[in-house]
Amino acid sequence: DTLARGTPSNPLKAAEHGRDNAVHPQAGVPVDAPDEEVGASTLSEDFASDKVGDGIPEAGENPTNDSLDRVRVDSTGRVLTTNQGVPVGDNQNSLKAGLRGPTLMEDFILREKITHFDHERIPERVVHARGSAAHGYFESYGALDDLTIAAPFEAAGKRTPVFVRFSTVAGERGSADTARDVRGFAVKFYTEQGNWDLVGNNMPVFFIQDAMKFPDLIHAVKPEPHNGMPQAASAHDTFWDFVSLMPESTHMLMWVMSDRAIPRSYRMMQGFGVHTFRLVNAQGEAHFVKFHWTPRAGTHSLVWDEAVKLAGADPDFHRRDLWEAIEAGQYPEWELGLQVFTEEQSEQWSFDILDPTKIVPEELVPIRPVGRMVLTRNPDNFFAETEQVAFCTAHIIPGIDFSNDPLLAGRIHSYLDTQITRLGGANFHEIPINAPIAQVHNNQRDGLHRQAIPRGRVAYEPNSLAGGCPFQAGKSGFVSYPKAIQGEALRGKPERFAEHYAQATLFWQSQSEAEQDHIVGAFRFELTRVQTPAIRQRVLAMLRHVDETLATRLADDLGMDLPAPLPDLLGDSGVGAPVAGAVQPPEVTRSDSLSLLDRPGDGGLWGRRVALLVHEGIDGARVREVHEAVLSAGGVPRYIGHRLGDVSTAEGDVIPVEITLETAPGALWDAVVLPEETDDAPHLSRSAQAVAFVQDQYLHCKPLLVLGHDSALLAAVGAPGSVDEADGDPALFFMDPPATPEDGTDLATVTAFLTSLAGHRRFEREMDPPQR
Ligand code: HDD
Numbered sequence: 114d115t116l117a118r119g120t121p122s123n124p125l126k127a128a129e130h131g132r133d134n135a136v137h138p139q140a141g142v143p144v145d146a147p148d149e150e151v152g153a154s155t156l157s158e159d160f161a162s163d164k165v166g167d168g169i170p171e172a173g174e175n176p177t178n179d180s181l182d183r184v185r186v187d188s189t190g191r192v193l194t195t196n197q198g199v200p201v202g203d204n205q206n207s208l209k210a211g212l213r214g215p216t217l218m219e220d221f222i223l224r225e226k227i228t229h230f231d232h233e234r235i236p237e238r239v240v241h242a243r244g245s246a247a248h249g250y251f252e253s254y255g256a257l258d259d260l261t262i263a264a265p266f267e268a269a270g271k272r273t274p275v276f277v278r279f280s281t282v283a284g285e286r287g288s289a290d291t292a293r294d295v296r297g298f299a300v301k302f303y304t305e306q307g308n309w310d311l312v313g314n315n316m317p318v319f320f321i322q323d324a325m326k327f328p329d330l331i332h333a334v335k336p337e338p339h340n341g342m343p344q345a346a347s348a349h350d351t352f353w354d355f356v357s358l359m360p361e362s363t364h365m366l367m368w369v370m371s372d373r374a375i376p377r378s379y380r381m382m383q384g385f386g387v388h389t390f391r392l393v394n395a396q397g398e399a400h401f402v403k404f405h406w407t408p409r410a411g412t413h414s415l416v417w418d419e420a421v422k423l424a425g426a427d428p429d430f431h432r433r434d435l436w437e438a439i440e441a442g443q444y445p446e447w448e449l450g451l452q453v454f455t456e457e458q459s460e461q462w463s464f465d466i467l468d469p470t471k472i473v474p475e476e477l478v479p480i481r482p483v484g485r486m487v488l489t490r491n492p493d494n495f496f497a498e499t500e501q502v503a504f505c506t507a508h509i510i511p512g513i514d515f516s517n518d519p520l521l522a523g524r525i526h527s528y529l530d531t532q533i534t535r536l537g538g539a540n541f542h543e544i545p546i547n548a549p550i551a552q553v554h555n556n557q558r559d560g561l562h563r564q565a566i567p568r569g570r571v572a573y574e575p576n577s578l579a580g581g582c583p584f585q586a587g588k589s590g591f592v593s594y595p596k597a598i599q600g601e602a603l604r605g606k607p608e609r610f611a612e613h614y615a616q617a618t619l620f621w622q623s624q625s626e627a628e629q630d631h632i633v634g635a636f637r638f639e640l641t642r643v644q645t646p647a648i649r650q651r652v653l654a655m656l657r658h659v660d661e662t663l664a665t666r667l668a669d670d671l672g673m674d675l676p677a678p679l680p681d682l683l684g685d686s687g688v689g690a691p692v693a694g695a696v697q698p699p700e701v702t703r704s705d706s707l708s709l710l711d712r713p714g715d716g717g718l719w720g721r722r723v724a725l726l727v728h729e730g731i732d733g734a735r736v737r738e739v740h741e742a743v744l745s746a747g748g749v750p751r752y753i754g755h756r757l758g759d760v761s762t763a764e765g766d767v768i769p770v771e772i773t774l775e776t777a778p779g780a781l782w783d784a785v786v787l788p789e790e791t792d793d794a795p796h797l798s799r800s801a802q803a804v805a806f807v808q809d810q811y812l813h814c815k816p817l818l819v820l821g822h823d824s825a826l827l828a829a830v831g832a833p834g835s836v837d838e839a840d841g842d843p844a845l846f847f848m849d850p851p852a853t854p855e856d857g858t859d860l861a862t863v864t865a866f867l868t869s870l871a872g873h874r875r876f877e878r879e880m881d882p883p884q885r
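Laid out in structure tokens, this is it:
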């Protein structure tokens, strides 16, 4: 107990908990509701510190720390030992018979070390292998007694510890973060009623309606089996072959071809539970529910060319972004919202709420905000925590229950099952990151790597020898919702699962013009890589059911004639046949909430990265003032130049270059600040690296700020090179030079630049399709 609560074996860890964590969460104990207005930003100087936050909480105050503290190791000041704790005298040389002689079998130190090394990899996740995670808490806005007894929603201000892992789906463990893909959004709530895992994605629908098809889907999207290519990409024949034969994937394809599949940051994407679940209250009444996570930082994406370049410039782009934001005390935050509806309501709708290829439009059921989630602490160790964490859709708690969604049914089996291979046995729940904070008492025994030491002779129930313990909780435990079940055992789909296109059309029609352009571009990219013309044709034939403009534009881009709509093409095979006649028209045909632009965020910079290009003789005072303004607005400014070392300013002092154009090219930055530069006095416009840098900034529609009225560098990339030419570009800013040497910097322009940056991109500049 002392070890667990009083002194973590890593005393340094306490300093990393962050002040926000210090304010509990204590299992089951409500904390005072936050003073701040609900929805107000939690970011303030109060949380600033060298590491994360400035408070040093008592170890163990966060209940998840108990199990983690027990096993944390800090080797500061310690002697090196074997795994048996034997001090090792020489960690450099193996034991030999004579210095030039053979190494001896008896060298148990060498053998233990090499043996352990030989076994240090475990199988990667069969999907979602590449991911990053963080600790934090969920805080309830209020009691949800009317809906559920689920522990996290018990009272206003109650905090429940969470561990959250974000991931890509198709790529292997070492693949690049910015691949076009769905992102996993998996949340483990450590409640006093046991662990609840909400294993969602950043898109609210899925490719298939039945778990029966999951292995086929994944085999189609993973690298092709004969040559192991391509890595982390759906742009190949087998994927498009499969989905074009499965019209139920049409809606999800629209999401995956949209900017949602290339998020700017894990911190800037929504999360969805996808399936319909049930909430159950103390009276045993159930409501259907869909879970939505909405980022405080807004929903923002990359552009495709940028995503491709990032994969080379920094394959860890999203991992680094999450890690650095938390280290800097800029805790990522999401609001949890619920769409709650009744069975009777759902029976009226044109779609089936058990069909995971459908959303419930917000116009039909608005989202009710119920709490917020804040990520406050990075893991100590990637393998022990991020790699070994095991999320399972089967992990639910009293107050939450499943629906009959057939995809969910397969998942309830799959996650538990896969951990047994991945984590080497049935005791993976004892790995500290997976261990619940609720106590575990049952008669399950033994298995590989068992940690618990159950006492006594009784491992069965009922028993009298142990006084009947552990005893059943009865009604105070988990009770499955008594849903009515009827019908015959048969393989097939409910009627309303047969319509596949209406919501794909809804999605398309709800996008802004720029988002539609990006969708066309994404389909074009993927299908251009597809080698088999018949597959391209089938996709086009499918898209004709979504929108004729989309299909026509794409056909044009691919140099193809528009084929007949899908069912004709598939002949009698039937898979693509639309439902005859009696389809109910969709309730909603346009929903602004489906556009990324609908959630711009709270206007903060949220750690966006700003490059300040510097060179010998730069106006130091001005560039420093902009640096300061970016920093105090919550951005991350960096001085970037040709080589490391100092550059001298016009005033005679120096600015240290922090990173170079070569190591941190344009794609890595959200905005750039350029020096004043005329044709007569070129500084950067003759540098290929600087030109490529600024060209990317410009073409990726990012804000640019020039510290004066002229930029020969901008002119060199074909952009407006002076204040007089910049008219009409809303993200290109030229600062007014001071009228007299005493005048200060033109801060109004700096503010306009930062506001533009918080708004992310301005697509007016885009040249695909070519500008007229
Ligand atoms: Fe899955 C991992 C999300 C359908 C089988 N899935 C996995 C992860 C996420 C999702 C976020 C990574 C968890 C982590 O970070 O460790 N999966 C989804 C969503 C789905 C979905 C939102 C559709 C709504 N998945 C799905 C189906 C099946 C699986 C239909 C199988 C029938 N998923 C798995 C798995 C994985 C997994 C094989 C691989 C590693 C793991 O579970 O722990 O069991």
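In terms of the UniProt record's numbering, the sequence shown opens at residue 114 and continues consecutively. In this text, a Cβ means the ideal position worked out from N, Cα and C, and glycines have one as well.
Taking one beta carbon from each stretch, the segment 575-588 and the segment 532-549 have fewer than 3 pairs nearer than 8 Å; the two do not touch. Beta-bridge annotation (DSSP): Thr273 is paired with Phe251. Ranked by Cα distance from Gly672, the options Asn178, Arg558, Pro646 and His613 are led by Pro646.
The alpha helix (DSSP H) runs of length 4 or more contained entirely in the segment 749-805 do not exist; there are none.
Secondary structure of Thr864 (DSSP, three-state): helix.
For Phe327, the CB falls within less than 6 Å of some heavy atom of the ligand HDD. Taking 7 Å as the cut-off, the beta carbon of Ala333 is found closer than this to the beta carbon of Phe352. By the criterion of a C-beta distance shorter than 6 Å, Ala395 is surrounded in its chain by Ile262, once the five residues flanking it on both sides are discounted. Glu775 and Val819 have their C-alpha atoms spaced approximately 21 Å apart. Val416 and His229 have their C-alpha atoms spaced approximately 44 Å apart. Taking 6 Å as the cut-off, the C-beta of Ala299 counts as close to a heavy atom of the ligand HDD. Contact check for His554 and Asn540: beta-carbon distance about 15 Å, past the 8 Å limit, so the pair fails to qualify.
In the displayed model, Lys301 falls within a strand according to three-state DSSP. Going by C-alpha positions, Ile513 is about 14 Å away from Val312. DSSP lists Val487 as the beta-bridge partner residues of Glu446.
The alpha-carbon separation between Pro519 and Ser527 amounts to approximately 13 Å. With contacts defined by Cβ atoms closer than 7 Å, Ile331 and Val240 form a contacting pair. Each residue's CA atom was taken as its position, placing Ala348 and Gln205 some 48 Å apart.
Secondary structure of Ala399 (DSSP, three-state): strand. Ser835 has its CB no nearer than 6 Å to any heavy atom of the ligand HDD.
DSSP places Arg380 outside any beta strand (DSSP E), giving it a letter other than H or E.
Secondary structure at Ala246: strand, using DSSP grouped into helix, strand and coil.
With contacts defined as CB atoms closer than 7 Å, Phe591 and Pro511 qualify as a contacting pair. For Asn204, there is no enclosing beta strand (DSSP E), since its DSSP letter is neither H nor E.
In the three-state reduction of the DSSP assignment, His631 falls in the helix class. Gly560 is not a Cβ neighbour of Gly587, given a cutoff of 7 Å.
Between the C-alpha atoms of His822 and Glu790 there is a straight-line separation of about 9 Å.
Between the segment 761-781 and the segment 697-704 there are fewer than three inter-stretch CB-CB distances shorter than 8 Å, so the stretches are not counted as touching. Short note on Arg373: C-beta not closer than 6 Å to any heavy atom of the ligand HDD. Val743 carries a helical assignment under DSSP once its states are collapsed to helix, strand and coil.
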